[in-house]
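Numbering (the numbering used here), first residue to last: 48 to 388.
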Amino acid sequence: MRIVILGAGALGSILAAHLTRAGEEVTLIARGQRAQWIEQHGIAITGLTDFTVPVTVTVQPEAVEEADVLIVAVKTYDTEPALQRIRHLAVGSVLSVQNGVFKNEQLARHFGWEKTLGATAAFAGGVLPDGVVRLTVNEGLSLGELPAGTSARVHALAAVLDRAGIPGRASPQIQTDEWSKYVVFVGLMAVAALTRLETVKLLTDPALASVGVMLQREMAQLAARLDIPLGDYGWMRAKTVTSLPFEEAVADLQHSGESLEARGATAHKVSTLQDLERGRRLEVEEILGYAVRKGTELGVPLPTVDACYRLLTGINRSLRLWDGLSGICVICGSCRLSYLR
Numbered sequence: 048m049r050i051v052i053l054g055a056g057a058l059g060s061i062l063a064a065h066l067t068r069a070g071e072e073v074t075l076i077a078r079g080q081r082a083q084w085i086e087q088h089g090i091a092i093t094g095l096t097d098f099t100v101p102v103t104v105t106v107q108p109e110a111v112e113e114a115d116v117l118i119v120a121v122k123t124y125d126t127e128p129a130l131q132r133i134r135h136l137a138v139g140s141v142l143s144v145q146n147g148v149f150k151n152e153q154l155a156r157h158f159g160w161e162k163t164l165g166a167t168a169a170f171a172g173g174v175l176p177d178g179v180v181r182l183t184v185n186e187g188l189s190l191g192e193l194p195a196g197t198s199a200r201v202h203a204l205a206a207v208l209d210r211a212g213i214p215g216r217a218s219p220q221i222q223t224d225e226w227s228k229y230v231v232f233v234g235l236m237a238v239a240a241l242t243r244l245e246t247v248k249l250l251t252d253p254a255l256a257s258v259g260v261m262l263q264r265e266m267a268q269l270a271a272r273l274d275i276p277l278g279d280y281g282w283m284r285a286k287t288v289t290s291l292p293f294e295e296a297v298a299d300l301q302h303s304g305e306s307l308e309a310r311g312a313t314a315h316k317v318s319t320l321q322d323l324e325r326g327r328r329l330e331v332e333e334i335l336g337y338a339v340r341k342g343t344e345l346g347v348p349l350p351t352v353d354a355c356y357r358l359l360t361g362i363n364r365s366l367r368l369w370d371g372l373s374g375i376c377v378i379c380g381s382c383r384l385s386y387l388r
């Protein structure tokens, strides 16, 4: 299977390394110092597994002409400019492992709904300062036809992922999967960015877990307004947390944290926190902002989500100001040769 992966951050690197090791024909579109590092060293994975594999990488997306599958793994705020550079790509199917749910609308605008698959990633990690990628959670990747159902192409890709070591799941209700993760992620990202704590810690602390429950419950009201049912997937128990009595929901969230800890995921940090620690732009507008705007449009009050959105918008603005003052560009994160954030 010819697979093009757009973005060489943690998720893109994890996918590229596993699929290449399994013998798939993978091209990784990267940029700047990250691309140079991969060209010289390959992709090194540590954490839940440990291996290094050479991966075909390019900094010229215009040179990539066709693929069976395109997997988008750039940050949400980079999606539109990144897709513009591959608008020529002849592709059979396209999916995104990004956070949130706005991604599908973006992909469909460029490639059409008939080529767009829904997907939700239950694997995670981070790129360490030395370029190695630490895999902290590997519960797989769910994908399906939108808004619901499976197909031959969905089952084929799920099987490829499974053989590569990323558990693949063909989901008959991918919209539920995506929204269930979205609900959980909103409850995690805001608390993680505001406390700067590892995921296990923010889940097991009763006070922080209670804020997570409040955020998830507001997001569940938005999903209900859109007639999208929620589900439970591993430790991401959106349906349970948003339906139990409040104190029981807090206890359930704490149990999820204990479950992560028992599986050795104590080092896991929400991607938003990883970005904050590196002084990078946060995915505030695309995750929290999208929810706030949708809530306003549909008449669904989201006071806790809105408060966190405003706080993180302020933090994000300070990070972008710092980038402007320092002259760090958004292309490679180090040079001064491109446009500023």
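Where is the CB? At the ideal position from N, CA and C, for every residue including glycine.
Keep in mind the model is a prediction, meaning the values are calculated, not measured.
Could you tell me whether the Cβ atoms of residue i and residue j are closer together than 7 Å?
i, j, result
"L182", "L95", "yes"
"L249", "T242", "yes"
"I52", "A120", "yes"
"L175", "A240", "no"
"G172", "V180", "yes"
"A256", "L300", "yes"
"H88", "A211", "no"
What's the gap between the Cα of residue i and the Cα of residue j?
i, j, result
"G191", "V201", "6 Å"
"V138", "E112", "9 Å"
"L291", "T251", "17 Å"
"E71", "C355", "42 Å"
"I76", "Y124", "17 Å"
"F293", "R310", "26 Å"
"A55", "T167", "18 Å"
"S227", "P276", "8 Å"
"S198", "A110", "30 Å"
"R135", "F158", "Checking the displayed sequence, the identity of residue 135 turns out to be His instead of Arg. One C-alpha to the other measures close to 10 Å."
"D474", "A205", "This structure cannot settle anything about residue 474, because the visible part of the chain is limited to 48 through 388."
"K150", "V141", "11 Å"
"F98", "W160", "36 Å"
"E86", "G59", "15 Å"
"Q153", "G196", "21 Å"
Could you check what DSSP says for residue i in three-state terms: helix, strand or coil?
i, result
"V233", "helix"
"E152", "helix"
"A309", "helix"
"L291", "coil"
"T103", "coil"
"L335", "helix"
"G389", "In the structure as shown, the chain begins at 48 and stops at 388. Residue 389 is therefore absent and cannot be evaluated."
"L53", "strand"
"I90", "strand"
"E113", "strand"
"L277", "coil"
"I61", "helix"
"A132", "According to the sequence shown, residue 132 is Arg rather than Ala. R132: coil per DSSP, three-state reduction."
"V121", "coil"
"R357", "helix"
My guess is that residue i and residue j are in contact by the Cβ rule of under 8 Å, so how many angstroms apart are they, rounded?
i, j, result
"E245", "T313", "7 Å"
"D279", "T287", "5 Å"
"L269", "L349", "7 Å"
"A338", "V317", "Not confirmed; about 16 Å, so no contact."
Would a check of beta-carbon distances place residue i closer than 7 Å to chain D?
i, result
"A169", "In the structure shown, chain D cannot be found, because there is only a single protein chain."
Check for me: the beta strand (DSSP E) holding residue i runs from which residue to which?
i, result
"F98", "F98 to V100"
"V184", "V180 to E192"
"L75", "E72 to I76"
"L164", "L164 to V174"
"L142", "A137 to S143"
"G215", "G215 to A217"
Starting from residue i, trace the alpha helix (DSSP H) both ways and give me its first and last residue.
i, result
"R272", "P253 to R272"
"A206", "A199 to A211"
"E324", "S318 to E324"
Any heavy atom of the ligand GTP inside 6 Å of the beta-carbon of residue i?
i, result
"A240", "The ligand GTP is not part of the structure shown, which contains no ligands of any sort."
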